[in-house]
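Here's the structure we're looking at; comments come further down.
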Amino acid sequence: EKKIEWWKNAIVYQIYPLSFKDSNHDGIGDLNGINSKLDYIKNLGIDVIWLSPVYQSPMDDNGYDISDYKRINPIFGTMEDMENLVSNIHKNGMKIIMDLVVNHTSDEHQWFIEAKKSKDNPYRDYYIWRDQPNQIQSVFSGPAWTYNEATKQYYFHLFSNKQPDLNWHNPKLRLEIYQMINEWLDKGIDGFRLDVIDLIGKDIDSMSLSDGPYLNQYLQEMHDHCFKNRDILTVGEMPGLSIKRASEITNQKNPLLSMIFQFSHISLDEIPGQGKWALKKLDLVEFKNVFNKLQQTLFEKGWNSLFLTNHDQPRAVSRFGNLSFRKKSSKMLATVLYGMQGTPYVFQGEEIGMTGVQFELSQYKDIETLNMYRDHLQKGYKHDDIMTSIYAKGRDNSRTPLQWDDTQNAGFSDVQPWIDINPNYKELNAKKDLAEKDSIYNYFKELFTIRKKYRIFDQGTFELIYPSHHELFIYLRKTKNEAILVIGSFSENRIEIDLSEYSQYQCLITNETPIDLKQTVIPPYYCAIYYKKEDYHA
Ligand code: TEU
Ligand code: CA
């Protein structure tokens with residue numbers, strides 16, 4: 002069988018360092034805290050750790066506003082703590098990819114401090130300046146332009162006004178970025194997650210932001226200067242990219258990136274065109290159709306990531322599962338997601354079914370949430386309606402500290418953390434989960450073991466079964482000599498369905514006692530993977 006690239010069936014675990022584990026009693030997660038939990042991560046069956054940014058930053062957007070790409074933020078530790086962590090991750094047979102945020106810097110980056118001094122400063126054109134703003138709005142509410150008194154021009158920032166967008170049309174800037182990327186790769190890290198990399202080809206004046214006219218040119222140049230001759234994993238966060246473009250960018254013949262984060266499947270519970278805060282009930286058939294399109298379009302062409310959540314999204318079980326069936330639906334979501342073709346991503350806490358929160362407004366920390374609250378209030382929205390949207394889609398849902406055990410502060414820290422702990426930590430924590438026979442962690446671990454044992458997961462075809470069913474997500478994957486049937490129920494009711502044609506398949510894993518497929522009833526939030534070895538047809 003042809004050898005496949007290691008990152009195709011590697012399991013990636015995303016760590017949001019602020020909220021993972023505090024080791025020096027300041028209530029803030031840090032590098033040495035991560036180091037103390039490598040066994041927990043390794044035992045889950047993780048191959049790669051994706052570390053959200055730990056570079057020097059004023060933390061306006063929790064590190065996605067970088068003021069020095071070459072220094073570690075002291076709140077997370079020192080450069081030797083970082084080098085120590087990288088070497089321990091490697092000693093544990095795992096790899097580490099870092100978060101590369103190069104669409105913008107912090108306004109406290111030396112380049113911007115220089116650029117805003119005068120119009121003829123050598124760094125002026127590292128950023129985007131105009132005499133007059135256009136209509137582009139910031140993702141974090143308000144205009145995407147801020148006036149700079151000293152030089153009487155506006156600068157562009159798609160995110161906060163402390164995150165000025167870099168001017169990628171400037172070849173000098175691009176070369177400095179490539180040099181920085183190579184410095185990190187030469188330190189021995191194993192790749193990058195590239196933050197909103199779909200934006201670097203933007204053309205401001207034609208207001209073309211995501212997937213702009215220069216995207217392929219700059220990605221090709223970055224690939225040729227940095228990634229080409231290295232055995233690394235690069236995953237591009239590309240919220241605005243179509244599935245077809247995703248296939249082009251990751252095309253196996255000339256891949257500009259190993260894979261991408263595509264977002265078509267996690268914008269289905271918002272009113273189309275009105276953004277994430279305008280809530281709409283998820284239609285499972287739409288959800289299934291998007292995954293089907295992703296699987297078909299990328300099959301034997303490009304490569305995809307498999308994720309349901311991250312530090313920007315709500316908790317998976319709160320959004321797509323059911324808290325009255327928290328354990329079963331956590332396992333069901335993982336089974337349905339990771340049974341597909343692509344590289345699996347687990348966000349910290351997903352492996353123990355952590356849930357979202359419903360805080361008081363004063364407890365929220367995320368700039369996106371706080372700006373949105375003020376903006377919606379000004380537009381006349383009612384407090385309770387705004388809070389309903391924040392409970393459903395606020396990023397802090399996924400940023401509360403990891404719940405290690407039921408001691409004070411959930412074992413995350415021995416002092417008050419930077420953000421409050423989810424009040425359910427006493428009954429929902431890693432220690433308790435691992436002690437239970439129906440542990441979610443141990444289910445994920447078993448699922449990943451199975452995923453590695455059978456090649457069908459990274460090579461099989463994909464076909465929806467009962468595609469128009471509104472409560473069951475069932476699909477069939479096949480190679481010439483194997484087949485698996487993946488079943489996930491999104492319903493709290495028992496469902497009648499005829500799957501008798503698969504009654505010869507054997508159950509590999511399930512979230513309760515396996516049902517015999519001659520039966521016709523699927524229990525609430527049931528999930529399972531059934532397997533059959535096809536006798537070889539010449
Ligand atoms: O997120 C980019 C992005 O698309 C976000 O705007 C996301 O869709 C939104 O926050 C959902 O609510 C990346 C990082 O993941 C995010 O944490 C940063 O805030 C953002 O870029 C700017 O760097
Ligand atoms: Ca700390």
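No gaps in the numbering here: position 89 of the sequence shown is 90 in the UniProt record's numbering, and each next residue is one more. The beta-carbon is built from N, C-alpha and C at its ideal position, and this holds for glycine as well.
In the DSSP annotation of this structure, the continuous segment of the alpha helix (DSSP H) that includes Glu81 starts and ends at Met80 to Lys92.
Remark: the C-beta of Ile244 is outside contact range of ligand 2, defined as less than 7 Å to any heavy atom. Linking Glu249 to His224 through their CA atoms gives a straight-line distance of about 14 Å. In this structure, DSSP gives Pro18 a helical state, which the three-state scheme calls helix. Judged by DSSP in its simplified three-state form, Met99 adopts strand.
Ala151 is bridged by DSSP to nothing; it lacks a bridge partner.
Taking the Cα positions, Asp517 is about 25 Å away from Lys453.
By the neighbour-count criterion, in which a residue is buried when 16 or more other Cβ atoms sit within 10 angstroms of its Cβ, Lys96 is buried. Taking C-beta separations shorter than 6 Å and ignoring five residues to either side along the sequence, the partners of Gln57 in its chain run Ser68, Asp69, Arg72 and Asn74, following chain order.
For Ile466, the enclosing beta strand (DSSP E) starts and ends at Glu464 to Ile466.
Residue Ile76 holds the alpha-carbon nearest to the alpha-carbon of Asp23 among Pro134, Trp51, Ile76 and Asp48.
Put simply, the backbone Cα of Asp199 is about 16 Å away from that of Tyr65.
Put simply, the backbone Cα of Pro345 is about 38 Å away from that of Tyr156. Residues Glu464, Ile466, Ala484 and Leu486 of the same chain have their beta carbon placed closer than 7 Å to that of Leu477, with the five preceding and five following residues left out of the count. Nearest C-alpha to Val140 among Pro240, Ser469 and Tyr392: Pro240. Measuring C-alpha to C-alpha distances from Arg125 to each of Arg456, His110, Gln263 and Glu184 identifies His110 as the nearest. Positions of the beta strand (DSSP E) runs, each at least 3 residues long and wholly inside the segment 290–342, cannot be given because no such run exists. Trp130 is the residue among Asn168, Trp169 and Trp130 whose C-alpha sits nearest the C-alpha of Thr152.
Proximity of the beta carbon of His312 to ligand 1 is indicated: a heavy atom of the ligand is located closer than 7 Å. Tyr56 carries a strand assignment under DSSP once its states are collapsed to helix, strand and coil. At a Cβ-Cβ threshold of 8 Å, Leu378 and Ile391 do not count as neighbours. Collapsing the DSSP output to three states places Asp40 in a helix. Where Gln180 is concerned, the enclosing alpha helix (DSSP H) starts and stops at Pro172 to Asp187. Rounded to whole angstroms, the gap between the alpha carbons of Tyr426 and Asn171 is 49 Å.
Taken through DSSP and simplified to helix, strand or coil, Ile76 comes out as coil.
In this structure, the CA atom of Asp385 is about 26 Å from the CA atom of Asn311.
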